[in-house]
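For the sequence shown, position 263 (counting from the first letter as 1) is numbered 263 according to full-length UniProt numbering, and the numbering increases by one without interruption.
Heads up, the beta-carbon is just placed ideally off N, CA and C, and yes, glycines get one too.
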Amino acid sequence: MTSRPVIRTPHRVVSGAQLSQITGKRSRTAWTTAALATAVAAGALTVAAPASAVVGDAAKDGQYAFTAKLDIGGGKRACTGALVDPIWVLTAASCFADASGNVTPGVPALKATVTVGRTDLGSTGGTVTEAAEVVPRTDRDLVAVRLAKPVAGVTPVQVSTAQPRQGEDLRVTGYGRTKDEWSPTRLNTAVFGADAVDAKTVGLAPKAPADASLCQGDMGGPVFRETNGAVELAGVATGSWKKGCWGGDDTETRTGAVATRVDDVNSWVQQLRLFNKLDQFTGVMTSGDFNGDGRADVAAVLRDGSLVAYYAGPDGTLEYGRDLWYDKSWDGKQQIIAGDFNGDGITDIAAVAPDGNLHLYAGKPDGKLASAKKMWTDTSWGKMTAIARYRGDGWQRDGLIAQWDDGSLFAYPSGADGVLTGKKTEMWRDKSWTKNFIVTGDFNGDGHDDIVAGSKDGGLALYAGNGKGSFDGARSMWRDKSWGTMQNVLAGDFDGDGKPDLLARWARTIVGPGKVYLYAGDGKGALADARSAWPRS
1 MTSRPVIRTP HRVVSGAQLS QITGKRSRTA WTTAALATAV AAGALTVAAP ASAVVGDAAK
61 DGQYAFTAKL DIGGGKRACT GALVDPIWVL TAASCFADAS GNVTPGVPAL KATVTVGRTD
121 LGSTGGTVTE AAEVVPRTDR DLVAVRLAKP VAGVTPVQVS TAQPRQGEDL RVTGYGRTKD
181 EWSPTRLNTA VFGADAVDAK TVGLAPKAPA DASLCQGDMG GPVFRETNGA VELAGVATGS
241 WKKGCWGGDD TETRTGAVAT RVDDVNSWVQ QLRLFNKLDQ FTGVMTSGDF NGDGRADVAA
301 VLRDGSLVAY YAGPDGTLEY GRDLWYDKSW DGKQQIIAGD FNGDGITDIA AVAPDGNLHL
361 YAGKPDGKLA SAKKMWTDTS WGKMTAIARY RGDGWQRDGL IAQWDDGSLF AYPSGADGVL
421 TGKKTEMWRD KSWTKNFIVT GDFNGDGHDD IVAGSKDGGL ALYAGNGKGS FDGARSMWRD
481 KSWGTMQNVL AGDFDGDGKP DLLARWARTI VGPGKVYLYA GDGKGALADA RSAWPRS
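Here it is, written out as structure tokens:
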């Protein structure tokens, strides 16, 4: 019978039964080893001491470029990590632990140099930067490292949302020791089979090559699945018997390793990825359900011209979603509006081009957007000062409602192909529509789309749809006139309770990029007080 192994950290011995604790502002990095209970024999399981690669095969040039090399304390410690965002690397928390096993959030106590994009560390490619901040988990051996500058030219690895399956193949990469080298300069890789899986860890059994092992320096290395060319990060390496490693115990016969799972903390990773993203937003944004979970998300054009979706969680807080377009050609768009314009149940985007043309980018079942097609015959959409999604009474699909530069308000229905039919209906009795913004939704729960509008004096008003092809007079929705400072206001059911809310981005100030707040709707035409919808803001 085998006993439960004990993990030896670089600084202390931790029983596999211990759980993490928080003491003050310091997070204690402890973890369990149940995943190895059936995979390895009794004895001391050594966490790869932060000092030296996978005993396996050398990676090809440019292969698995998302693997990061961490040099901590000027050579005192060496670890491996996984680039999950241009400014974030995941690795083992133990790499940054102090003598008591704690990791203090913030600037790391020891200077850490991070190299990404170099299969061969002796080459000159990739990015070399420093660790600016560490954000440890409190429940497992995992830390997120924020980089001082973004990594260019390397595609980050996608963090999986699927639990590792017992028996599946998982590849590991690392810069640690090999059989023959104390400090190799080449990235190495091997395939392991997933062994026992528990709530926070997964056991790893060597598979290809059969004598594969994890060595000193492989701590924090990416553990990932490869499926039809796609790569998903399942965990980071955190422990090994070190069989066959240079400088190890020649009498060691036990094999296997352990990794910390990351699939169940995917949301945490995506929220971290929002750091510094708000400052990259342009004023071109919209809201719609871009992942099919029933909640409204945000799509924004960034300063580099990319179009990115940010998903809303159950409480309406945003997290990083995905790129919605394959290149950075969205700079110059005047406005973007999300809606189901062709009635297929998938969110589309209408965009006003710099020349005033209106184009439809239809949503596809695979989550991508189709190529642009003209949605209107002329370039008059450059004269629209505000545009919103709108579904009039009796309409089968979403159309648009637009405020013209002369103060008039018109609605435009769409056809089955998503293109506007060419018809338009005047929706207000005069040309008094000179609002800062307009958004739509059934805010009072009567089954008709309403308009919420921000006035020039900062007021916020509800114009209820009356079922007669127009709207009732304005009714105040807010106690003061603070809405004039909003850079963007979006409407949608961001928290998934079936009632439309408002999401507001406050304007940038000299001390920061502004704030994003959620104002939950009550379904009766009123809004709750603001709560932050942007992590770390």
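Touching by the beta-carbon criterion (3+ pairs, under 8 Å), the segment 113–122 and the segment 192–199
Counting Cβ pairs under 8 Å, fewer than three are found: no touch.
If you run the structure through DSSP and keep just helix, strand and coil, what is Cys79?
For Cys79, the secondary structure class from DSSP, reduced to helix, strand or coil, is strand.
Taking the alpha-carbon positions, what's the Gly382 to Gly454 distance?
Distance between the alpha carbons of Gly382 and Gly454 is about 20 Å.
Would Asn488 be called buried (16 or more neighbouring beta carbons within 10 Å of its own) or exposed?
Residue burial is scored here from C-beta neighbours: Asn488 has at least 16 other C-beta atoms within 10 angstroms and is therefore classed as buried.
Exposed unless 16 or more other CB atoms sit within 10 angstroms - verdict on Thr29:
Only weak support exists for where Thr29 lies, its pLDDT of 34 falling under 50; the value from the coordinates is given anyway. It counts as buried.
Taking the alpha carbon of Asp98 as the reference point, which residue from Trp88, Thr80 and Gly73 has its own alpha carbon closest?
Comparing alpha carbon positions, the residue from Trp88, Thr80 and Gly73 closest to Asp98 is Gly73.
Would you call Pro209 buried or exposed, if buried means 16 or more other Cβ atoms sit within 10 Å of its Cβ?
So Pro209 counts as exposed.
In chain order, which alpha helix (DSSP H) runs of at least 4 residues are fully inside the segment 376–453?
Taking only runs of at least 4 residues, no alpha helix (DSSP H) segment lies wholly in the segment 376–453.
Given Gln158, which residues of its chain have a CB within under 6 Å of its CB, disregarding the five upstream and five downstream residues?
Answer for Gln158: Glu232, listed in chain order.
Can you tell me whether Thr421 is buried or exposed, with buried defined as 16 or more other CB within 10 angstroms of its CB?
By the 10 Å Cβ count, Thr421 comes out exposed.
Asp495 and Gly356 closer than 7 Å at C-beta
Their beta carbons are not under 7 Å apart, which means Asp495 does not touch Gly356 by this criterion.
State the CB to CB distance for the pair Gly256 and Cys79, rounded to an integer number of angstroms; the pair is presumed to be in contact (CB under 8 Å).
With a Cβ gap of about 20 Å, Gly256 and Cys79 do not count as contacting.
Using the C-alpha atoms, what's the distance from Ala461 back to Phe437?
A direct Cα-Cα distance of roughly 11 Å separates Phe437 from Ala461.
Run through DSSP, which three-state label would residue 540 get?
Look at the range of the chain in this structure, 1 to 537, and you will see that residue 540 is not part of it.
For Arg295, three-class secondary structure by DSSP:
Three-state result, Arg295: coil.
Take Ala39 and list the residues in its own chain whose beta-carbon comes closer than 7 Å to its own, dropping the five residues that flank it on each side.
For Ala39, the predicted structure reports a pLDDT of 31, less than 50, and the residue's modelled location is therefore unreliable. A value from the coordinates is still provided. Excluding its 5 nearest sequence neighbours in each direction, Ala39 has C-beta neighbours in its own chain below 7 Å: Asp195, Ala196, Gly203, Ala205 and Gly256, listed in chain order.
What runs of the beta strand (DSSP E), each 3 residues or longer, lie entirely inside the segment 94–141?
Listed in chain order, the complete beta strand (DSSP E) runs (minimum 3 residues) inside the segment 94–141 are 112–116 and 127–136.
By DSSP's criteria, Lys374 is part of a beta bridge. Which residues make up the other side?
As computed with DSSP, Lys374 is found in a beta bridge with His359.
Among Leu369, Gly394 and Val352, the one whose alpha carbon lies nearest that of Ser380:
Considering only alpha carbons, the answer is Val352.
If I measure Cβ to Cβ from Ile22 and keep anything under 6 Å in the same chain, skipping five residues before and after, which residues do I get?
Confidence is the limiting factor: at Ile22 the pLDDT is only 20, short of 50, which leaves the residue's position unreliable, though a coordinate-based value still follows. Answer for Ile22: Thr138, listed in chain order.
Could you check the C-alpha separation between Gly332 and Pro354 for me, to the nearest Å?
Answer to the nearest angstrom: the Cα atoms are 6 Å apart.
Using 8 Å for Cβ pairs, my map puts Asp522 next to Gly484. What's the rounded Cβ distance?
That pair is no contact at about 24 Å.
Going by DSSP, what residue range makes up the alpha helix (DSSP H) through Leu272?
Taken as a continuous stretch (DSSP letters only), the alpha helix (DSSP H) holding Leu272 covers Asn266 to Leu272.
Phe471 and residue 540 - do their beta-carbons sit closer together than 7 Å?
With the chain running from 1 to 537 in the structure shown, residue 540 is simply not present.
Excluding sequence positions up to five away, which residues of its chain have a Cβ less than 7 Å from the Cβ of Pro500?
Cβ within range, chain order: Gly441, Asp442, Phe443, Ala491, Gly492, Asp493 and Gly521.
Which residue from Leu90, Val116, Gly126 and Ala131 puts its Cα closest to that of Leu110?
It is Ala131 whose Cα lies nearest to the Cα of Leu110.
For Ser240, the first and last residue of its enclosing beta strand (DSSP E)
For Ser240, the enclosing beta strand (DSSP E) stretches over residues Ala230 to Ser240.
For Leu409, the nearest candidate out of Tyr390, Gln396, Leu187 and Asp264 (CA to CA)
Distance from the Cα of Leu409 is smallest, within the candidate group Tyr390, Gln396, Leu187 and Asp264, for Tyr390.
Please state if the CB of Val172 and the CB of Ala237 are separated by a distance shorter than 7 Å.
Using a Cβ distance threshold of 7 Å, Ala237 and Val172 count as a contacting pair.
According to DSSP, is Tyr517 part of a helix, a strand, or is it coil?
In the structure shown, Tyr517 sits in a strand (DSSP, three-state: E or B).
Look at the alpha carbon of Gly447 and the alpha carbon of Lys524, and state the distance between them as a whole number of angstroms.
Going by the C-alpha atoms only, they are around 12 Å apart.
With a CB to CB cut of under 7 Å and the five nearest residues on each side skipped, what residues in its chain are close to Gln403?
Scanning its chain for C-beta atoms nearer than 7 Å, with the 5 sequence neighbours on each side dropped, one finds around Gln403 the residues Met384, Thr385, Ala386, Leu409, Trp433, Lys435 and Ile438, in chain order.
Does DSSP put Ser213 in a helix, a strand or coil?
Note: Ser213 maps to strand in three-state DSSP.
Quick one: does the C-beta of Leu187 sit closer than 6 Å to a heavy atom of the ligand MN?
By its list of ligands, the structure shown contains no ligand whatsoever, and the ligand MN lies outside what it can speak to.
Endpoints, beta strand (DSSP E) assigned at Val352:
Unbroken beta strand (DSSP E) run through Val352: Asp348 to Val352.
When DSSP labels each residue in this structure, what does Ser160 get in the three-state scheme?
Coil.
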